[in-house]
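Under our numbering, think of the first position of the sequence shown as 17, with each following residue one higher.
Think of the CB as a built atom: it goes at the ideal place given N, C-alpha and C, for glycine as much as any other residue.
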Amino acid sequence: MKTSRRKFIGDSFKATAVALGTPLLVKASLETTEVTNRAATPIALQFSQVPLPYANNALEPSIDATTMDIHYNKHHTAYIKNVNEAIAAEKISFETENDFFKNASKLSAKAKNNGGGAWNHNFFWQVMHPTQGDNNPAGKISDAINGSFGNFEKFKQQFTEAAMTRFGSGWAWLVNENGKLKIGSTANQDNPLMDISEIKGIPILGLDVWEHAYYLKYQNKRNEYVANWWKVVNWSEVAKRLT
Ligand code: MN
């Protein structure tokens, strides 16, 4: 799986280039012409949907298989399709996800909302995994949380509050901003990489609090969804994003 946000972005771009049949590396002089042509007409960014790193039912009982199936195969797939449509139709020329989000204020609603939805869910799937028993952070991520919030329980309370007080659809985030961990939330599919976001930084943990993420199993009880979600947080993936 991806080992860091930077690698994640790189792999996502690479996957797109491969899908388009464009060689990324010049291994033989025969390929030089093609690479030169590519440089003359840069490939616009395309978003790719990462494979779900586990089966639809793997996070049960915290997240039920039907919700996971619809969430990944319907909602997320649509964000990917729609953002790529917007990039093509609007001739958006940003070449990296970072540049795309840094310029979110200049994007159309379709490009921004679906681009956020594409990225946020790619991120979300990877910071969860099946677990058994206690699921607490350890090592450097534990140290970083304790250093920023006092202890894990205080951190959990603050993050849960961010998730619970986000009115309507949105996300709760833990971000790394120049070595300091911060908690916040965004509306809709905004994320902390966007220039329009109130909370900024490198996302290292995120929680989808749209009703589509929990309504089939939990109905209006977002608090129960959040409480059970802690059991499936993939702390080693969160730790990888810390550096
Ligand atoms: Mn979602």
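DSSP on GLU193, reduced to helix/strand/coil?
Here residue 193 corresponds to residue number 177 of the sequence shown, with the count starting at 1. In this structure, GLU193 counts as strand in the three-state DSSP scheme.
Going by C-alpha to C-alpha distance, which of GLY149, PRO153, ASN162, GLU113 sits closest to GLN62?
By 1-based counting over the sequence shown, the position of residue 62 is 46. Nearest option by C-alpha distance: GLU113.
Count the C-beta pairs between the region 143-163 and the region 173-183 that are closer than 8 Å, then say yes if the count reaches three, no if not.
The region 143-163, when compared against the region 173-183, does not touch it at the 8 Å Cβ threshold.
Can you tell me whether LYS156 is buried or exposed, with buried defined as 16 or more other CB within 10 angstroms of its CB?
Here residue 156 refers to the residue found at position 140 when the sequence shown is read from its first residue. It is exposed - the Cβ of LYS156 has fewer than 16 other Cβ atoms within 10 Å.
DSSP three-state call for LYS107: helix, strand or coil?
Walking along the sequence shown from the start, residue 107 turns up at place 91. Coil, per DSSP.
Report yes if the C-beta of PHE140 is less than 8 Å from at least one heavy atom of the ligand MN; otherwise report no.
For the purposes of this step, residue 140 is identified with residue 124 of the sequence shown, where counting begins at 1. Within the cutoff, so yes.
Nearest-angstrom Cα distance between MET210 and TRP135?
Residue mapping note: residue 210 aligns to position 194 of the sequence shown, counting from 1. Residue mapping note: residue 135 aligns to position 119 of the sequence shown, counting from 1. Those two C-alpha atoms are separated by around 11 Å.
Determine the direct distance from the alpha carbon of GLU193 to that of ARG257, and round the result to whole angstroms.
Start at 1 with the first residue of the sequence shown, and residue 257 comes out as number 241. Start at 1 with the first residue of the sequence shown, and residue 193 comes out as number 177. Their Cα atoms are separated by approximately 12 Å.
Is any heavy atom in the ligand MN found nearer than 8 Å to the beta carbon of GLY149?
Your numbering for residue 149 matches position 133 in the sequence shown. No, the ligand MN has no heavy atom inside 8 Å of this Cβ.
Buried or exposed: where does PHE168 fall if 16 or more other Cβ atoms within 10 Å of its Cβ makes it buried?
Counting from 1 along the sequence shown, the entry for residue 168 is found at position 152. Exposed, because fewer than 16 other Cβ atoms sit within 10 Å of the Cβ of PHE168.
Compute the minimum distance between the beta carbon of ASN89 and the heavy atoms of the ligand MN, and state whether it is under 8 Å.
Taking the sequence shown and counting its residues from 1, one reaches residue 89 at position 73. No, Cβ of ASN89 sits at least 8 Å from all heavy atoms of the ligand MN.
Give every residue of the same chain whose Cβ lies closer than 6 Å to the Cβ of PHE29, excluding the five residues on either side of it in the sequence, and list them in chain order.
Locating residue 29 in the sequence shown gives position 13, counting from the first residue. In this prediction, PHE29 has a pLDDT of 42, which is less than 50 and means its spatial position is unreliable; nothing more can be read from the coordinates.
Can you have a look at THR176 and say buried or exposed, based on whether 16 or more other CB atoms are within 10 angstroms of its CB?
For the purposes of this step, residue 176 is identified with residue 160 of the sequence shown, where counting begins at 1. Its Cβ being crowded by 16 or more others within 10 Å, THR176 is buried.
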